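Under this note's numbering, the first residue of the sequence shown is numbered -16, with each subsequent residue one higher.
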Amino acid sequence: MGLEVGENKNGGVIIFALKGRLDSNTSNDFEERLLCSIQGGETKIILDFENLEYISSAGLRVLLKAARELKGGDGKLLLCSLKDYIREVFDLSGFVSFLPIFNTKEECISSF
């Protein structure tokens, strides 16, 4: 199973909906896409993980890179709708300290 990424722009906020697995097989393509939008000037990015089934350390690295990239330009990367076991990965890895996690897309959007 690979990764499907839906992209949706909503009043200056770009939402990537991930479905499947973000791992060493799929992370390079997604990283390219994410960094491209950041370099293209996007500063408000939401990653919707409602249908994300798995994330590996390679996937976490992509998020780390994107968050660093955005920091320089005053942007924000927010996550929403994580399954409990994926949320646990973020808690254990300490990523929650710099990646805000919300329950819903709406909460993300209103926090910008």
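The C-beta atom is built at its ideal place from N, Cα and C for all residues, glycine as well. Computed from a predicted model, the values in this text were never measured in an experiment.
In terms of Cβ geometry, G56 and T26 form a close pair [threshold 8 Å].
For the alpha helix (DSSP H) assignment, the uninterrupted runs of no fewer than 4 residues enclosed by the stretch 6 to 65 are, from N- to C-terminal side, 10 to 22, 40 to 55. Taking one beta carbon from each stretch, the stretch 68 to 79 and the stretch 30 to 43 have 3 or more pairs nearer than 8 Å; the two touch. Per the DSSP secondary-structure output, R4 pairs in a beta bridge with Y37. Counting along the chain, L75 sits inside the alpha helix (DSSP H) bounded by residues 67 to 76.
Excluding sequence positions up to five before and after S76, its CB lies within less than 7 Å of the CB of L43, all in the same chain and listed in chain order.
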